[in-house]
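A.B. asks:
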Amino acid sequence: MSWFPPFAVGVAGATAAEVGLGLLLYAPGGFLGALTLILCVEMAALAAGLWCAQREEDPPWVGVRRAWLLLLLTYVAGALTAVGWEVLGGLASSRLSRGLGLAFLGAFPLYGTGLVLGASGSGESDWSVRIGVPAVIGAAVGFAMVGLSSGGLRIAPLPYVTGLIVVAAGSLVQSRILGAREDQWREWAERRSVGDGPSGSAPQAPSVSVPEELRTRHDLPGVPQ
């Protein structure tokens with residue numbers, strides 16, 4: 005099930021991007037200009053999330069868990085903003101309302117998406133296969149869900165609530181995966197500490213750094229075993 009968390013993030017991210025785009029295009033100044041601005045901001049937010057993601061190779065992987073929590077909060081904020089769109093009949097009345105709408109409907113969810121995808125690849129030697137491919141496939145599914153659903157933009161909060169549910173499911177699966185990896189890591193570290201385990205890298209973390217006391221006892225030349 006390790007493919008499911010990035011797949012879920014891709015589904016939710018594509019949903020937020022497409023719905024935010026559809027809602028925010030109700031703006032004066034031309035369709036192409038608004039489309040270009042929104043896409044640039046959303047992709048810049050995604051890139052910023054990937055860049056700022058906290059990468060950890062050792063448990064307990066607090067950065068990954070924090071990224072999932074932040075992503076959940078962004079979808080709550082997006083759903084509330086979409087409710088405001090329904091109540092006010094749009095977000096194009098002023099530059100401030102359009103800017104806030106762009107932030108909460110598109111930029112923040114995609115920033116959180118980048119954080120989760122970047123942090124989830126910690127310790128993975130083949131990030132593009134384990135994380136990137138499921139995320140992109142999930143994005144395609146998310147676009148199709150919004151485009152083919154009968155609700156579409158008619159019920160603006162619905163896609164964000166759906167994204168919240170999908171992200172929550174992905175975070176639960178990710179939590180189970182991290183728990184299993186932490187157990188494996190600690191078992192490996194205990195075997196190394198008593199000298200029974202094979203020399204090598206920790207499970208699921210090829211580039212993990214062995215703790216100093218273990219390295220001193222087992223790895224440094226000239227030190228008695």
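Going by the numbering used here, the sequence shown opens with residue 5, and the numbers climb by one from there. Backbone N, C-alpha and C define an ideal beta-carbon position, used for all residues, glycine too.
(1) Check whether the stretch 45-53 touches the stretch 162-178, taking contact to mean three or more Cβ pairs, one atom from each stretch, closer than 8 angstroms.
(2) How many angstroms separate the CA atom of ARG99 from the CA atom of ALA111?
(3) Closest by CA to TRP72, which one among ILE141, GLY142, VAL170?
(4) Tell me, please, whether the stretch 63-81 touches the stretch 133-151 by the rule of three or more beta-carbon pairs shorter than 8 angstroms.
(5) Roughly how many whole angstroms lie between the Cα atoms of GLY88 and ALA20?
(6) Give every residue of the same chain whose Cβ lies closer than 6 angstroms to the Cβ of TYR164, excluding the five residues on either side of it in the sequence, and list them in chain order.
(7) Which same chain residues, not among the five before or five after ALA16, have their C-beta less than 6 angstroms away from its C-beta?
(8) Could you tell me the distance, in whole angstroms, from the CA atom of ALA123 to the CA atom of GLN58?
(9) Could you tell me the distance, in whole angstroms, from the CA atom of VAL45 to the CA atom of ALA193?
(10) Using the three-state DSSP reduction, which class does ALA4 fall into: helix, strand or coil?
(11) Once the 5 residues before and after PRO161 are set aside, which same chain residues still bring their CB inside 6 angstroms of it?
(12) Pull up the CB-CB distance for TRP105 and LEU182, whole angstroms please, since I reckon it's below 8 angstroms.
(13) Once you ignore the five residues that flank LEU114 on each side, which residues in its own chain have a CB closer than 8 angstroms to its CB?
(14) Can you list, in chain order, the residues of its chain with a C-beta nearer than 6 angstroms to that of PHE11? Leave out the 5 residues immediately preceding and following it.
(15) According to DSSP, is PRO64 helix, strand or coil?
(16) Taking 8 angstroms as the cut-off, decide whether the C-beta atoms of VAL23 and LEU119 are in contact.
C.D. replies: Short version:
(1) Counting Cβ pairs under 8 angstroms, fewer than three are found: no touch.
(2) 16 angstroms
(3) VAL170
(4) In short, these stretches do not touch, since the Cβ pair count stays below three.
(5) 16 angstroms
(6) Sequence-distant partners of TYR164 (beyond 5 residues in either direction) whose C-beta falls short of 6 angstroms from its own C-beta, in its chain, are TYR79, GLY82, ALA83, ALA86.
(7) GLY167, VAL170, VAL171
(8) 5 angstroms
(9) Taking the straight line joining both Cα atoms gives about 44 angstroms.
(10) An answer regarding residue 4 cannot be provided, because it is not within the stretch 5 to 229 covered by the chain.
(11) So the qualifying residues of the chain are ALA83, ALA86, VAL87.
(12) Per the sequence presented here, residue 105 reads as Gly, with Trp not at that position. Not a contact, Cβ separation roughly 34 angstroms.
(13) GLY17, ALA20, ALA21, GLU46, MET47, ALA49, LEU50, GLY53
(14) For PHE11, same chain residues with a beta-carbon under 6 angstroms away, outside a window of 5 residues either side, are PRO138, GLY142 in chain order.
(15) Coil.
(16) no
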